[in-house]
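*Asks:* Chains A and B are the protein sequences, given in the same order.
Mapping of the first sequence onto our numbering: position 343 corresponds to residue 344, and the numbering continues sequentially without gaps.
Mapping of the second sequence onto our numbering: position 225 corresponds to residue 226, and the numbering continues sequentially without gaps.
Beta carbons are placed, not taken as given, at the ideal position from N, Cα and C, and that holds for glycine.
2 protein chains.
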Amino acid sequence: MSDSKPEFPPELRRDPLTGIWVVIADRGGRPSGRFEERDVEPKVCPFCPGNEGMTPPEIYAVRPNGGEANGPGWTVRVVPNKFRAFDADLQLRRKAIGMYDWMLAVGAHEVIIETPDDDAQLRSMPPDQVALVLDTYKHRLEDLRRDARFRHIVIFRNYRTPAGASLKHPHSQVIALPVVPKLVKDRLLAALQYFRAKERCLVCDIIDQEVYDGRRVVAQNEHFIALVPFAARFPYEIALYPRRHQHDFLVINEAEKYGLVAILQDILNRYFALLGEKDTGKNVPYNMVLQTAPNTTPRPGRPDYWGTIEYDYHWHIELIPRLTRMAGFEWGTGLYINIKQPEKAAHELAHAHELAAQQTSVA
Amino acid sequence: MSDSKPEFPPELRRDPLTGIWVVIADRGGRPSGRFEERDVEPKVCPFCPGNEGMTPPEIYAVRPNGGEANGPGWTVRVVPNKFRAFDADLQLRRKAIGMYDWMLAVGAHEVIIETPDDDAQLRSMPPDQVALVLDTYKHRLEDLRRDARFRHIVIFRNYRTPAGASLKHPHSQVIALPVVPKLVKDRLLAALQYFRAKERCLVCDIIDQEVYDGRRVVAQNEHFIALVPFAARFPYEIALYPRRHQHDFLVINEAEKYGLVAILQDILNRYFALLGEKDTGKNVPYNMVLQTAPNTTPRPGRPDYWGTIEYDYHWHIELIPRLTRMAGFEWGTGLYINIKQPEKAAHELAHAHELAAQQTSVA
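(1) Would DSSP call R197(A) helix, strand or coil?
(2) For the region 177-190 of chain A, list every residue whose C-beta sits within 8 Å of some C-beta in chain B, in sequence order.
(3) Looking at the unbroken beta strand (DSSP E) that takes in D102(A), where does it start and where does it end?
(4) Which residues bound the alpha helix (DSSP H) around E143(B)?
(5) With 7 Å as the threshold, decide whether the Cβ of I154(A) is near any Cβ in chain B.
(6) Return yes when the Cβ of A232(B) is within less than 7 Å of the Cβ of R161(A), no when it is not.
(7) Which same chain residues, not among the five before or five after R95(B), have their C-beta less than 6 Å away from its C-beta?
(8) Specify the secondary structure class of N159(B) as computed by DSSP and reduced to three states.
(9) Does the contact criterion of 3 or more C-beta pairs under 8 Å hold for the region 191-211 of chain B versus the region 18-28 of chain A?
(10) My understanding is that L356(B) touches L275(B), with C-beta atoms under 8 Å, so please give their C-beta distance in whole angstroms.
(11) Could you tell me which of I25(B), L324(B) and P295(B) sits nearest to P286(B), measuring between CA atoms?
(12) Taking 7 Å as the CB-CB limit, is R85(B) close to chain A?
(13) I'd like the list of long-range same chain contacts for A366(B), defined as Cβ closer than 7 Å, with 5 residues on each side in sequence excluded.
(14) What's the C-alpha gap between F235(A) and L291(A)?
(15) Tell me the rounded alpha-carbon separation between Y242(A) and V212(A).
(16) Does the CB of R35(A) have a neighbour CB from chain B at under 7 Å?
(17) What do you reckon, are the CB atoms on H170(A) and D119(A) nearer than 7 Å?
(18) Just to confirm the assignment, what range does the beta strand (DSSP E) spanning P322(A) have?
(19) Between M100(A) and chain B, is there a C-beta pair that is closer than 7 Å?
(20) Just list the residues that DSSP pairs Q174(A) with in beta bridges.
(21) Return yes when the Cβ of Y337(A) is within less than 7 Å of the Cβ of E344(A), no when it is not.
(22) Give the DSSP-derived three-state secondary structure of W75(B) in the structure shown.
(23) Report yes or no: is there a C-beta of chain A within less than 7 Å of the C-beta of L334(B)?
(24) Does chain A have any CB closer than 7 Å to the CB of L93(B)?
(25) In terms of DSSP beta bridges, what is P337(B) paired with?
(26) Is G165(A) close to chain C, meaning its C-beta is less than 7 Å from at least one C-beta of that chain?
(27) Near L261(A), what residues of its chain come up, given a Cβ to Cβ distance below 6 Å and the 5 sequence neighbours on each side ignored?
(28) Would you kindly work out how many angstroms separate the C-alpha atoms of A132(A) and V180(A), rounded to a whole number?
(29) Quick check: the region 74-81 of chain B against the region 50-64 of chain B, are there 3 or more CB pairs under 8 Å?
(30) Applying the criterion that 16 or more other CB atoms from any shown protein chain within 10 Å of the CB defines a buried residue, is K199(B) buried or exposed?
(31) Taking a contact to mean a Cβ-Cβ separation below 7 Å, would you say R245(A) touches L228(A) in this structure?
(32) Taking all protein chains shown into account, decide if N254(B) is buried (16 or more other Cβ within 10 angstroms of its Cβ) or exposed.
(33) Taking only beta-carbon atoms, is F330(B) less than 7 Å away from chain A?
(34) Taking only three categories from DSSP, how would you classify V63(B)?
(35) Taking only beta-carbon atoms, is T293(A) less than 7 Å away from chain B?
(36) Answer yes or no: do I239(A) and I208(A) have a C-beta to C-beta separation smaller than 7 Å?
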């Protein structure tokens, strides 16, 4: 990882047995151990104000009091990922290599620097700052969807090394893909089939059932609900759903946005109370993923599957604490073993602050 | 994980959006950090000869010179997993919970103790001992398939803690499932569709193309070939294929079995030369998975999907070194980013011993 320039452009290759696309983005270098990680934080953080020259030139930034691009004064800043797995400068190109399916990994790979403050935590930032981060998610989605080459855009957040983060400075990542991933297609088709059969949204029905049942509800407010999914794959996994039916994150209104800020910070504070490191103030390592609708912008001159057929969806955010490891069973079957009953996880998270207070008084 | 008895029987729950089954096997205990792992090896190894009483009573063992069950004298021994995620004593029971799909996690979860020698390594065991382990795989597959409740049996090997192993004593695991996992169904259907269209095996054609191309071939012998897959998900991932078309591991003959022993040990020695710890003799952490046909034993009184339709397959073994981590992108999309070009990985593995010699002479 000493060199950010790959020897050849990144590619997408399709596994002929599973239909899963793999991005081949060679980072060069010699064979070694866990070579994807920085074990030690770099001494100078490239995401801190004053170090703007250490990142590629910015794509977008908010500077409330003005100031020049690629200089300080920003409250949020978006830059290309230095170690990117996708390249927007490539042409859309698909071909067969013998019996295999191949394409250039045309796409975008960006970093959203969420705050100038290196020590900030998403759970305790001012709500307006979190709202600004969500506005930036919207901005990047809208902007990238204008490019019809990009069929799906995923926004995610890796927090701490065990969750895949290489820098502690608060940041999210954006990846724009030239394909709709199979896992996303599965979700869209399940929702569509349900809608065709019932003329109701699958996720709206799930929310209704969960509210009625109550055992997996962790928190709710006027606009959002936080659930441990019935078939949660991981201990303390949570899904955040907008209560109003909306297929796409871009549909969210201002009141809903602040409802999301509130429930997101609430859940992260529950994670911290139950699973975080009280002495360092660090939360449990986690991944956060925005699951929203694919890009349906028509591709000029081409009938396009996802642009022309109907689909149904209900966007949501997934939160996955990284407490356990994948092993041979999971790789071999695609099934998961969750060693925490979802109802118990929900109960503990719903009472996280009381449980944390008990732990402290015992200790 | 202090208690091996779960409070309630393990369950399978289906995610209504993705169709993926999750095993809920609660281990009890308080919320904590990485609670699935033993950080410290237990002082007394429950898999060592003389400690047979520390495991549940054995299911199967080979004692060439005789001896009593659950006593020493065995060369290979199979016991139920003490922390099992599946329970063979449960009845097959499927039901709806509101709009969700649920079933009891009826199944088997066994440990194959591969040798009495706590310090042995699969890569350097006598070939006859590895052949005995493969014979035990066959025995467990045959035995478990007689139970028509079990629709699919997966055999895998987790090596070292980062790959999910909690004990160093060489062992594999066997899990018998009451469902065919979606990922396995995808593979069976891809192979079937290809066969219907071409009257040829998809994997046989892949092998032919790979041999002709050559760039991803790591090793081969009369009966087996070791490839880095065209769309390898992980750096240095390898697939071992029998050259002769065979849908099921049970079809393997004696000569082929020794061909598999040879290529498996060859590949593990290449992993060690390139990625292993020379000072401790430990190999790189890896997962190994046997991908073979599902159980087609008819279920009495029930027409069964996998028992009645045709399918096509070509069994193989997957080897995945655990060098990188999954993060938000992978969870969110089901796609993988591989930072090692498969052709480079294959080249390095094909020349692993020369590369290792160069490294040593430089150091």
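*Replies:* Working from what's here:
(1) The residue you call residue 197(A) lines up with position 196 of the first sequence. If DSSP states are grouped into helix, strand and coil, R197(A) belongs with the helices.
(2) Hits within the stretch, in order: L178, P182, K183, L184, V185, D187 and R188.
(3) Translated into the one-based positions of the first sequence, residue 102(A) becomes position 101. For D102(A), the enclosing beta strand (DSSP E) covers residues Y101 to L105.
(4) Residue numbering aside, residue 143(B) sits at position 142 when the second sequence is read from its first letter. Segment P128 to R146, the alpha helix (DSSP H) holding E143(B).
(5) Within the first sequence, the letter at position 153 stands for residue 154(A). Closer than 7 Å: no.
(6) The residue labelled residue 161(A) in the question sits at position 160 within the first sequence. The residue labelled residue 232(B) in the question sits at position 231 within the second sequence. No, the pair does not count as a contact, with Cβ atoms beyond the cut-off.
(7) Translated into the one-based positions of the second sequence, residue 95(B) becomes position 94. Excluding sequence neighbours, R95(B) sits near M104.
(8) The residue labelled residue 159(B) in the question sits at position 158 within the second sequence. Three-state DSSP puts N159(B) in a strand.
(9) Yes: at least three Cβ pairs fall under 8 Å.
(10) For the purposes of this step, residue 356(B) is taken as residue 355 along the second sequence, with counting starting at 1. For the purposes of this step, residue 275(B) is taken as residue 274 along the second sequence, with counting starting at 1. Contact flag correct, Cβ pair sits at about 6 Å.
(11) Within the second sequence, residue 286(B) is the residue found at index 285, counting from 1. Shortest Cα-Cα distance from P286(B) to any of I25(B), L324(B) and P295(B) involves L324(B).
(12) Sequence index remark: in the second sequence, residue 85(B) carries index 84 (1-based). No, R85(B) does not count as interfacial toward chain A.
(13) Residue coverage of chain B in this structure runs from 2 to 364, which leaves residue 366(B) outside it and unanswerable.
(14) Along the first sequence, one-based indexing puts residue 235(A) at 234. Along the first sequence, one-based indexing puts residue 291(A) at 290. Roughly 17 Å between the two C-alpha positions.
(15) For this step, residue 242(A) is matched to residue 241 along the first sequence. For this step, residue 212(A) is matched to residue 211 along the first sequence. Taking the straight line from one Cα to the other gives about 12 Å.
(16) The residue labelled residue 35(A) in the question sits at position 34 within the first sequence. Note that R35(A) scores 42 on pLDDT, short of 50, meaning its location in the model is unreliable and no value can be drawn from it.
(17) Taking the first residue of the first sequence as position 1, residue 170(A) is located at position 169. Taking the first residue of the first sequence as position 1, residue 119(A) is located at position 118. Contact flag set, yes.
(18) Here residue 322(A) corresponds to residue number 321 of the first sequence, with the count starting at 1. Bounds of the beta strand (DSSP E) holding P322(A) are H317 to P322.
(19) Position 99 of the first sequence, counted from the first residue, corresponds to residue 100(A). Cβ-Cβ to chain B under 7 Å: yes for M100(A).
(20) Within the first sequence, numbered from 1, the residue matching residue 174(A) stands at position 173. Its beta-bridge partners are V112(A) and F157(A).
(21) Here residue 344(A) refers to the residue found at position 343 of the first sequence. Here residue 337(A) refers to the residue found at position 336 of the first sequence. No.
(22) By one-based count along the second sequence, residue 75(B) stands at place 74. Three-state result, W75(B): coil.
(23) Here residue 334(B) refers to the residue found at position 333 when the second sequence is read from its first residue. Contrary to the premise, residue 334(B) reads as Thr rather than Leu in this sequence. Yes - at least one Cβ of chain A is within 7 Å of the one on T334(B).
(24) Translated into positions along the second sequence, residue 93(B) becomes position 92. It does not: the Cβ of L93(B) has no partner Cβ on chain A nearer than 7 Å.
(25) Taking the second sequence and counting its residues from 1, the one referred to as residue 337(B) is at position 336. Looking at the sequence shown, residue 337(B) is not Pro but Tyr. Looking at the DSSP assignment, Y337(B) forms a beta bridge with V23(A).
(26) No chain C is part of this structure, whose protein chains are labelled A and B.
(27) Taking the first sequence and counting its residues from 1, one reaches residue 261(A) at position 260. Within the same chain, and ignoring the five residues on either side of L261(A) in sequence, the residues whose Cβ sits closer than 6 Å to its Cβ are F225.
(28) Locating residue 132(A) in the first sequence gives position 131, where the first residue counts as 1. Locating residue 180(A) in the first sequence gives position 179, where the first residue counts as 1. A132(A) and V180(A) have their alpha carbons spaced roughly 29 Å apart.
(29) In short, these stretches touch, since the Cβ pair count reaches three.
(30) On the second sequence, position 198 is the one that residue 199(B) refers to. Counting the other Cβ atoms within 10 Å of the Cβ of K199(B) gives fewer than 16, which makes it exposed.
(31) Within the first sequence, residue 245(A) is the residue found at index 244, counting from 1. Within the first sequence, residue 228(A) is the residue found at index 227, counting from 1. L228(A) is positioned such that its CB atom lies no closer than 7 Å to that of R245(A).
(32) As a working note, residue 254(B) is residue 253 in the second sequence. With fewer than 16 other Cβ atoms within 10 Å, it is exposed.
(33) Walking along the second sequence from the start, residue 330(B) turns up at place 329. Contact with chain A is found for F330(B), since one of that chain's Cβ atoms lies less than 7 Å from the residue's Cβ.
(34) Against the second sequence, residue 63(B) aligns to sequence position 62. In the structure shown, V63(B) sits in a strand (DSSP, three-state: E or B).
(35) By 1-based counting over the first sequence, the position of residue 293(A) is 292. Residue-level contact check: T293(A) does not touch chain B, since none of the beta carbons of chain B fall below 7 Å from its beta carbon.
(36) Taking the first sequence and counting its residues from 1, the one referred to as residue 239(A) is at position 238. Taking the first sequence and counting its residues from 1, the one referred to as residue 208(A) is at position 207. Cβ atoms of I239(A) and I208(A): not closer than 7 Å.
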